[in-house]
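Quick notes on the structure that follows.
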Amino acid sequence: MRSLARIIGSTGLAFAIAAWASAGGPPQPQSFVDFCAYVGSNFTGGHWLGAFCRNNLTEVFGYNYSWIDLDLCVGNNASKLVPYNKGNYSTSCKRCKTSHDKKTLTLTCDCKNSKNGYSKSSLDLNTAIYDDNGSVGCFGHLGNKSVSP
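Numbering (mature numbering (1 follows the signal peptide of the UniProt record, and there is no 0)), first residue to last: -23 to -1, 1 to 126.
Next up, the structure:
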């Protein structure tokens, strides 16, 4: 595995460190819809989301494939899907799927309600997840990532 210095070169690494320091720290998380290819996202197991997200290394600009457990990001509150840290929505929601249009990636499930039945609920995932240097993230949790081929 090549080191970061070999990938971008010592001059590029020095520039990246200087830019990071002058900016006041690491880059802030970016909007999921603006920085991830949600159209080709992959939703499996009722709560795992994978997508290609843009990284911050402009010298070797590219996308990383990242996946995250949405149970870390979404909860079921009175049969409504909501952004919630460690919400574990999949324990009380079923028949979950994702859909997208040109601006949103939507999670839709049948979620348990107070009458022991199920109600359909949808959540725009752009309100719950973000891109952090090529990793899908939420509430400080970052998904795994790998460099795209």
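We put the CB at the ideal spot given by N, CA and C, even for glycine.
- Here serine 56 is buried: its Cβ has 16 or more other Cβ atoms, across all protein chains shown, within 10 Å.
- Taking C-alpha positions only, aspartate 46 is separated from tryptophan 25 by approximately 5 Å.
- Comparing C-alpha distances from glycine 23 to each of Asn90, Thr81 and Thr85 shows the shortest one belongs to Thr85.
- For phenylalanine 116, there is no enclosing beta strand (DSSP E), since its DSSP letter is neither H nor E.
- Taking alanine 14 as the centre and dropping the five residues before and after it, the same chain places the C-beta of Ala28, Phe29, Cys30 and Tyr40 closer than 8 Å to its C-beta, in chain order.
- Annotation: aspartate 109 to serine 123 spans about 13 Å, alpha carbon to alpha carbon.
- Taking the Cα positions, asparagine 90 is about 23 Å away from serine 76.
- Arginine 72 has no beta-bridge partner at all, per DSSP.
- In terms of Cα proximity to asparagine 19, the closest of Tyr95, Leu82, Asp48 and Gly52 is Leu82.
- In the three-state DSSP reduction, threonine 81 falls in the coil class, being neither helix nor strand.
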